[in-house]
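Quick note: the sequence shown uses this note's numbering, first residue 184, plus one each step. A virtual CB, placed ideally from N, CA and C, is assigned to each residue, including glycine. Written below as structure tokens is the structure these notes are about.
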Amino acid sequence: MGTQADEAFSEAWHSDAASVPGDGLASIRSKVYLTPKLWYLRVNVIEAQDLIPNDRTRFPEVYVKAMLGNQALRTRPSPSRTLNPMWNEDLMFVAAEPFEEHLILSVEDRIAPGKDDVLGRTVISLQHVLRRLDHKLLNSQWYNLEKHVIVDGEQKKETKFSSRIHLRICLEGGYHVLDESTHYSSDLRPTAKQLWKHNIGILELGILTAQGLLPMKTKDGRGTTDAYCVAKYGQKWVRTRTIIDSFIPKWNEQYTWEVYDPCTVITIGVFDNCHLNGGEKANGARDTRIGKVRIRLSTLETDRVYTHAYPLIVLTPAGVKKMVAKWFDQICHWRNPLTTILIHILFVILVLYPELILPTIFLYLFLIGVWYYRWRPRQPPHMDTRLSHAESAHPDELDEEFDTFPTSRPPDIVRMRYDRLRSVAGRIQTVVGDLATQGERLQSLLSWRDPRATALFVTFCFIAAIVLYVTPFRVVVFLAGLYTLRHPRFRHKMPSVPRNFFRRLPARTDSMLMFRTSDDGFY
């Protein structure tokens, strides 16, 4: 196949591409293209003056509606129902260079629900909008409102110079417009290039080959795949050549990106080309995704070349362990007597010399990091289906993830999913209710809702205050630590007295109506 070092690489294609018609050749060549730079457009609607309502017998309920392309936002109705309303609200839009779309603002009077009168409209070109790079406010500006009237079935523009609107419009260059998932973002720089920092390195990606691809479509009675690869990092997208009819395509293409932040992710996807036959049907088709790979740059070592095969995974419709708690429980139950004795010795030393607590913690973390250096990962992480539990998910749950909004599924399936959602929400409500119950029990310790429990707790607090006053704090910590680390021979499986006492305290659930579904209804 050759490499990009060859002079004729950009003009060459695979020999099997000779069967591709002329109008499909454009879809098999490699491409490099940049996404348009996105800006936040801030529209501060301040006020309007000298509005002329159509119905002068009522106080107008005026709001401002702003449209930019397919984005539409509106302000709240002005609290001052006068002909000079004020809002002072910010409306945020996303605008793309080269700013060919216009910002359309209209001042409307809400006469009734679903019925609004347009009192004036103005159209603003974004190419003349100022760009803000810091926190300083830009100057505001007055815009004339134009009103469109219909005369003899024709729409004419009538300019009302007495009606105008006060706006502060700017393109925010100090923010980054997130057009990707926050977990897999490839670019975190602000929009304005003047605010960019120097790059910290160059990322080189060589797309070599893929192996074991599955047939994605049928041609001449047999399965085939026309694979190409797409890589995205920042604003730069690259697309390799399409390898015709091959389950082991070889691309041998290399691309580079400037890196400004190591905590970013590059995404590589493999697709099946559905535009090789030309025609209107091919133009409307959508290429099938074979799989994708995400690589986090912070997991890569500097000045090291990785040659690694990643599994291609795609989700179709067809847990974190509590290691610290588990380790502490093993120590308290003397699963390893030697470790528990060492913990006792360390605990006594820290009680006698509390100034050694912080140095000991950081020294311990340092030793752990050095110890695990031998087993550090040598390859970048890849998508793990076992960790994702994608293979154990129910087919209906996967189908629900790919459902449209609003739903396009039959009513019986929607009803089943609604019942399942009720079940999940019921469990969440139960957990939240349990947490609230614990807080109410804690509050009832001093509320005298249970006079006996409050009397016992107040007496205990008084005795504890005296004991803690006359007993050195180190002795209290030492005794509490020995009690926590006591041998299983001195433990019993029954709940402790304080826990049993706390569980018996009253809560506000005694004063609430509790509804629970059953076969007989609600009770």
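Status (buried if at least 16 other CB within 10 Å, exposed otherwise) for residue i
{"i": "Trp434", "result": "buried"}
{"i": "Phe276", "result": "buried"}
{"i": "Phe454", "result": "buried"}
{"i": "Tyr555", "result": "exposed"}
{"i": "Pro560", "result": "exposed"}
{"i": "Ile540", "result": "exposed"}
{"i": "Ile649", "result": "exposed"}
{"i": "Ser364", "result": "exposed"}
{"i": "Leu708", "result": "Outside the displayed span of the chain (184 to 706) sits residue 708, for which this structure offers no information."}
Through-space distance from residue j to residue i, alpha-carbon basis
{"i": "Lys415", "j": "Glu484", "result": "20 Å"}
{"i": "Val476", "j": "Ile451", "result": "5 Å"}
{"i": "Asp403", "j": "Leu459", "result": "14 Å"}
{"i": "Trp420", "j": "Thr667", "result": "58 Å"}
{"i": "Pro589", "j": "Thr447", "result": "33 Å"}
{"i": "Leu662", "j": "His527", "result": "12 Å"}
{"i": "Arg518", "j": "His675", "result": "16 Å"}
{"i": "Asp595", "j": "Asp579", "result": "13 Å"}
{"i": "Ala468", "j": "Lys400", "result": "13 Å"}
{"i": "Arg241", "j": "Ser346", "result": "18 Å"}
{"i": "Trp270", "j": "Leu397", "result": "59 Å"}
{"i": "Thr482", "j": "Ile611", "result": "36 Å"}
{"i": "Gly552", "j": "Val215", "result": "42 Å"}
{"i": "Leu350", "j": "Pro268", "result": "13 Å"}
{"i": "Gln513", "j": "Arg557", "result": "26 Å"}
{"i": "Phe673", "j": "Leu665", "result": "12 Å"}
{"i": "Ser679", "j": "Val653", "result": "26 Å"}
{"i": "Lys298", "j": "Asp617", "result": "48 Å"}
{"i": "Trp325", "j": "Arg472", "result": "50 Å"}
{"i": "Pro262", "j": "Asn253", "result": "28 Å"}
{"i": "Asp602", "j": "Trp631", "result": "42 Å"}
{"i": "Gly609", "j": "Tyr547", "result": "44 Å"}
{"i": "Phe643", "j": "Asp633", "result": "15 Å"}
{"i": "Pro373", "j": "Leu550", "result": "39 Å"}
Residue of the options minimising C-alpha distance to residue i
{"i": "Leu535", "options": "Ile431, Tyr443 and Phe656", "result": "Phe656"}
{"i": "Val488", "options": "Arg405, Ile385, Leu651 and Phe685", "result": "Ile385"}
{"i": "Val658", "options": "Leu521, Leu302 and Val531", "result": "Val531"}
{"i": "Gln562", "options": "Phe545, Ser591 and Arg479", "result": "Arg479"}
{"i": "Pro178", "options": "Arg241, Tyr493, Thr620 and His311", "result": "It is not possible to answer for residue 178, since the shown part of the chain is limited to 184 through 706."}
{"i": "His366", "options": "Arg314, Ile449 and Asp292", "result": "Ile449"}
{"i": "Asp300", "options": "Gln626, Asp273, Pro243 and Leu309", "result": "Pro243"}
{"i": "Ile229", "options": "Ala648, Arg259 and Leu286", "result": "Arg259"}
{"i": "Glu283", "options": "Leu309, Gly417, Asp292 and Glu272", "result": "Leu309"}
{"i": "Arg598", "options": "Glu583, Cys644 and Ser346", "result": "Glu583"}
{"i": "Gly417", "options": "Leu639, Ser368 and Asp617", "result": "Ser368"}
{"i": "Pro537", "options": "Phe585, Leu320, Val660 and Gly609", "result": "Val660"}
{"i": "Ala393", "options": "Phe545, Gly474, Arg669 and Val442", "result": "Gly474"}
Proximity of residue i and residue j at Cβ, strictly below 9 Å
{"i": "His381", "j": "Leu371", "result": "no"}
{"i": "Cys353", "j": "Leu224", "result": "yes"}
{"i": "Leu266", "j": "Pro236", "result": "yes"}
{"i": "Ile431", "j": "Gly395", "result": "yes"}
{"i": "Leu378", "j": "Gly357", "result": "yes"}
{"i": "Thr522", "j": "Leu533", "result": "no"}
{"i": "Glu272", "j": "Asn227", "result": "yes"}
{"i": "Thr620", "j": "Ala690", "result": "yes"}
{"i": "Leu688", "j": "Ala636", "result": "yes"}
{"i": "Arg314", "j": "Ala375", "result": "yes"}
{"i": "Ile287", "j": "Thr305", "result": "yes"}
{"i": "Arg592", "j": "Arg600", "result": "yes"}
{"i": "Ile524", "j": "Pro445", "result": "no"}
{"i": "Leu629", "j": "Phe640", "result": "yes"}
{"i": "Asp238", "j": "Asp292", "result": "yes"}
{"i": "His285", "j": "Leu256", "result": "no"}
Neighbourhood of residue i by C-beta distance below 7 Å, restricted to the same chain and skipping five residues each side
{"i": "Val290", "result": "Ala231, Leu234, Val245, Val247, Leu302, Gly303, Leu328 and Ile348"}
{"i": "Phe685", "result": "Arg624"}
{"i": "Asp703", "result": "Confidence at Asp703 is low in this model, with a pLDDT of 41, below 50, so the placement of that residue should be treated as unreliable; the coordinate-derived value is given next. Counting only Cβ-Cβ distances below 7 Å, and skipping sequence neighbours, we find nothing."}
{"i": "His491", "result": "Gln562 and Pro563"}
{"i": "Asp317", "result": "Gly357"}
Cβ shell of residue i (< 6 Å), same chain only, five flanking positions each side left out
{"i": "Ala279", "result": "Pro219 and Leu221"}
{"i": "Ile390", "result": "Cys412, Thr423, Trp434 and Glu436"}
{"i": "Ser627", "result": "Leu688 and Pro689"}
Other residues of its chain near residue i: CB distance less than 8 Å, five sequence neighbours each side excluded
{"i": "Asn456", "result": "Ser210, Ile211, Asp409, Ala410, Tyr411, Thr425 and Asp470"}
{"i": "Thr439", "result": "Ile385, Leu386, Glu387 and Leu388"}
{"i": "Pro671", "result": "His516 and Trp517"}
Test: residue i CB closer than 9 Å to a CB of chain D
{"i": "Asp238", "result": "Protein chain content of the structure displayed is limited to a single chain, and chain D is not contained in it."}
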